[in-house]
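If you count by full-length UniProt numbering, then the sequence shown holds residues 1 to 277, one letter each, in order.
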Amino acid sequence: MKTILVPTDFSIAADSAIHYAIKMALFWDASLILYHSFIPFESGFYLLSLSEQENIEAHKKLTDRLTTIKNSIVKKNPNLSVSIHVDQGPEGIKIIDFCKKSKSDLIVMGTKGASGLKEKLIGSFTAEVMTNAPCPVLAIPKKYTFKVPEKITYATNYNKKDKKVLQSLLEFNRLFNAKITILHIDWGITFFTADEDYEHYKKTIQNHFKDFEFTFNHTVGKDVSKTILEETLLDKTDIIVMNPLKRKGIWNRIFYRSVTKKIAYHIPVPLLSIPTK
Numbered sequence: 001m002k003t004i005l006v007p008t009d010f011s012i013a014a015d016s017a018i019h020y021a022i023k024m025a026l027f028w029d030a031s032l033i034l035y036h037s038f039i040p041f042e043s044g045f046y047l048l049s050l051s052e053q054e055n056i057e058a059h060k061k062l063t064d065r066l067t068t069i070k071n072s073i074v075k076k077n078p079n080l081s082v083s084i085h086v087d088q089g090p091e092g093i094k095i096i097d098f099c100k101k102s103k104s105d106l107i108v109m110g111t112k113g114a115s116g117l118k119e120k121l122i123g124s125f126t127a128e129v130m131t132n133a134p135c136p137v138l139a140i141p142k143k144y145t146f147k148v149p150e151k152i153t154y155a156t157n158y159n160k161k162d163k164k165v166l167q168s169l170l171e172f173n174r175l176f177n178a179k180i181t182i183l184h185i186d187w188g189i190t191f192f193t194a195d196e197d198y199e200h201y202k203k204t205i206q207n208h209f210k211d212f213e214f215t216f217n218h219t220v221g222k223d224v225s226k227t228i229l230e231e232t233l234l235d236k237t238d239i240i241v242m243n244p245l246k247r248k249g250i251w252n253r254i255f256y257r258s259v260t261k262k263i264a265y266h267i268p269v270p271l272l273s274i275p276t277k
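Shown next, in the form of structure tokens:
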């Protein structure tokens, strides 16, 4: 991890992500990019030159705002490399484009948690970035403070791409050396498409990663998202990890489905998505 991209909308949730990203950057000796994108002003009632001037002024104000945050970070962390970038256009699309151009290794972003009647675990914007980003995305709950992770849980449906995900996770975990649990929620029916059963899967993973000892948790639960949260809360997990597959709607089932209010109004710990594109 050499470059960490941190999108911000200047909210409390985004501030939490910035503070978390600073700690990560110091831990990894990585550089930070503070990022914001805005929708350019266009109007048929204004001359083109006036619209352009409005956008120039908006760009300058946002640049100044990011610069203030940057200067505050550098003042406290003089050895930390911090840069800023202001884009114009839909934030979800622009973040992905800039991530590719800057060759960022990780996106750290805040999430405001559940919203609306569906009680989503994470905001739809965060989920959109996670499912489309070319690099891992770490979603930080509002007001969550950094701690060196001691326990990490990878929630999986025993997918054939798990080896790639786990390889990336081990690289992420190299400096932390946290305990990693592989969690699978079984509905008690042949719900997932993986051919490998639990024992076969466990043996396959152990044989492939001989230098690291994973812990396995194979449990039953009819509500996948609810059970994941219950298991990770019981285990005192510091980071939940997932592969943002869209196959057969598993991502939607977990993140867009209603969950019990008492379990979580928002994700209680950081959520890391690791793509295998």
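Note that CB positions come from ideal geometry on N, CA and C, so glycine has one too.
Among the options, which one has its Cα closest to the Cα of residue i?
i	options	result
T63	E54, Y35 and I73	Y35
I180	W187, K160 and N217	N217
N177	F27, A13 and S11	F27
M242	V82, T153, L234 and G110	T153
T232	E150, R174, F209 and P244	E150
I185	K210, Y198 and Q206	Y198
I84	E230, I96, V6 and L234	V6
P270	T68, P141 and T219	P141
I240	D9, S37, N173 and H200	N173
A30	S51, N71, V108 and K75	V108
T227	E213, P244 and W187	W187
K160	I73, L175, K202 and P136	K202
H8	F209, H200, G92 and E171	First, the amino acid is wrong: residue 8 is Thr here, not His. Comparing Cα positions, the closest option is G92.
P136	E171, Y144 and K143	E171
P268	Q167, D211, K143 and L169	K143
M1	L169, F209, N207 and V220	L169
A14	G110, P90 and R65	G110
K19	E57, R65 and K76	A small correction: the amino acid at residue 19 is His; Lys does not occupy that position in the sequence shown. Looking at the Cα atoms, K76 is the closest of the given residues.
K70	P90, A21, I96 and V82	V82
I79	A25, F212 and F209	The question names Ile, but residue 79 in the sequence shown is Asn. Answer by Cα proximity: A25.
According to DSSP, is residue i part of a helix, a strand, or is it coil?
i	result
K161	coil
S81	coil
T153	strand
F45	Here F45 scores only 45 on pLDDT, less than 50, and its place in the model is too uncertain to base an answer on.
I12	helix
I22	helix
T3	strand
V129	helix
A30	coil
F172	helix
K118	Model confidence at K118 stands at a pLDDT of 39, short of 50, so the residue's coordinates are unreliable; what they give is reported in the following sentence. K118 falls in the coil class under three-state DSSP.
Hey, how far is the Cα of residue i from the Cα of residue j?
i	j	result
V165	P275	7 Å
D238	S225	17 Å
N157	A139	21 Å
V148	N55	41 Å
K94	K101	10 Å
T215	I182	6 Å
residue 334	K236	Absent from the structure is residue 334, since the part of the chain shown begins at 1 and ends at 277.
L106	S16	16 Å
I205	K163	7 Å
F146	L32	16 Å
L229	F38	34 Å
A264	I73	The predicted position of A264 is uncertain, since its pLDDT is 37 and thus under 50; a value taken from the coordinates is nonetheless stated next. Cα to Cα, the separation comes out at about 32 Å.
E52	A58	10 Å
What are the residues that DSSP puts in a beta bridge with residue i?
i	result
I240	T153 and L271
L138	V108 and L272
F146	Its beta-bridge partners do not exist; DSSP assigns none.
Check whether chain C comes within 8 Å of residue i, counting only Cβ atoms and requiring the distance to be less than that.
i	result
E54	The chain inventory of the structure shown lacks chain C, comprising one protein chain alone.
(message) To test your reading of the DSSP string, which unbroken beta strand (DSSP E) runs of 3 or more residues are found completely within the region 176-230?
(response) 179-186 and 215-220
(request) Would you mind listing the alpha helix (DSSP H) stretches within the region 50-111 that are 4+ residues and don't spill past its ends, in chain order? (result) 91-102
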